[in-house]
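Student: Residue numbers (my numbering): 1182 to 1421. Idealized CB from N, CA, C, for every residue including glycine.
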Ligand SMILES: C[S@@+](CC[C@H](N)C(=O)[O-])C[C@H]1O[C@@H](n2cnc3c(N)ncnc32)[C@H](O)[C@@H]1O
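#1: Could you check what DSSP says for residue 1274 in three-state terms: helix, strand or coil?
#2: Mapping DSSP to helix, strand and coil, what is residue 1191?
#3: In the structure shown, what three-state DSSP assignment does residue 1330 receive?
#4: Secondary structure at residue 1212, three-state DSSP: helix, strand or coil?
#5: Taking 7 Å as the line, does the beta carbon of residue 1236 fall inside it for any heavy atom of ligand 1?
#6: Report back the beta-carbon spacing between residue 1241 and residue 1314 to the nearest angstrom; my notes put them in contact at under 8 Å.
#7: Determine the closest residue to residue 1134 out of 1275, 1402, 1248 and 1339, with distance taken between C-alpha atoms.
#8: Tell me whether the beta-carbon of residue 1228 lies closer than 8 Å to the beta-carbon of residue 1250.
#9: Once DSSP output is grouped into helix, strand and coil, what is the label at residue 1240?
#10: Buried or exposed for residue 1230, going by 16 or more other Cβ atoms inside 10 Å?
#11: Would you identify the three-state DSSP class for residue 1380, choosing helix, strand or coil?
#12: Counting only C-beta atoms, is residue 1191 closer than 8 Å to chain D at any point?
#13: In terms of residues, what are the limits of the alpha helix (DSSP H) holding residue 1340?
#14: Across which residues does DSSP place residue 1367 in a beta bridge pair?
#15: Would residue 1330 and residue 1356 qualify as a contact pair, given that the criterion is a beta-carbon distance under 8 Å?
#16: May I ask whether a heavy atom of ligand 1 can be found less than 7 Å away from the beta carbon of residue 1191?
#17: For ligand 1, is there any heavy atom lying closer than 7 Å to the beta carbon of residue 1296?
#18: Is the beta carbon of residue 1353 closer than 8 Å to that of residue 1339?
#19: DSSP three-state label for residue 1324, please.
#20: Could you check how far apart the C-beta atoms of residue 1304 and residue 1384 are, in whole angstroms? I think they sit under 8 Å.
#21: Give the secondary structure of residue 1268 by DSSP, where H, G and I count as helix, E and B as strand, and everything else as coil.
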C-alpha cells in the first residue's frame, strides 16, 4: 500500500498551522541559530517541506531570504495566509527542478524526511539538494531519532505503540503529537543513523557535523526523557 503523507489532510493542516515551538519542539529549534551561524556563509535559503511555514518564518527571523516548498496544498495555503510577505511554493512529487543549480547557501529540512518512505526517494531528493547548494553551501536535515518512537516526551507520546521498537529501517512507526489539538497518531518512517549516512554518501553529500540536542534542567519545560535521550538528530551536510 502506498505511504500516505499525514500532512496532506486539511484538519491536520489547521492544527499544524497553530503550532509554534512547544515542549520537545523547543529542543529541535534551540540550537539551530548557532549551527546556522557556524556553517552557513550566505542568506539564500530553501526550506524543504515547509508545512504551514513555521520553519520558514524561523529562517526569515534569523535574516535568511527563505523560500518554503511543500507538496501539501493546504499547508502551503496556510503558510501564505500567516505570512503574506513570504515566498511559499507548492511542488509536485518533491520536484525541485524549478530551482537553479548552486542557488542556495542553506537547504533546511525540518522533520520532512520523517515522512519520506523509500531509500530511492531520499537519494533522489538529497542529490537534488547537492545540486541546489552553492559550493560552500550547507544542507541541514533535522529529523526524529529512532528513540523518539520508543519513549515518552514532553510533547509526544508513543506508549500505545510498542510495535515501534520492532521497526527496521523504512518501516512505519506511529507517534502522537500531544501539542496539537488533533491527537490522531501520525505515521512516520523509521530511518536510523547508519542508513542516513548511506543515503548522504549516495547523494554526493558528506556529514560535516551531527548534533543531538539534550534538554537542560534549568529550562522551563517538564522534560520527560529529553535530558538523557536526544529525540532529534540534526545533520549538517556539505557537497562532496
Ligand atoms: C512535519 S511537517 C514539518 C513542517 C515544517 N518544516 C515545520 O517545521 O513546521 C513535514 C512537511 O513535509 C512535507 N513533505 C512530505 N513529503 C514531501 C516531499 N516529498 N516534498 C516536499 N514536502 C514534503 C509535508 O507535506 C509536511 O508539510
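Tutor: Straight from the coordinates:
#1: coil
#2: Three-state result, residue 1191: helix.
#3: The three-state secondary structure of residue 1330, taken from DSSP, is helix.
#4: coil
#5: yes
#6: Contact flag wrong, Cβ pair sits at about 19 Å.
#7: Since the first residue shown for the chain is 1182 and the last is 1421, residue 1134 is missing from the structure and cannot be characterised.
#8: Using a Cβ distance threshold of 8 Å, residue 1228 and residue 1250 count as a contacting pair.
#9: helix
#10: Buried, since its Cβ has 16 or more Cβ neighbours within 10 Å.
#11: Residue 1380 falls in the helix class under three-state DSSP.
#12: In the structure shown, chain D cannot be found, because there is only a single protein chain.
#13: Note, residue 1340: premise wrong, no alpha helix (DSSP H); not H, not E.
#14: The partner list for residue 1367 (beta bridge, DSSP) reads 1356.
#15: yes
#16: no
#17: yes
#18: no
#19: strand
#20: 5 Å
#21: strand
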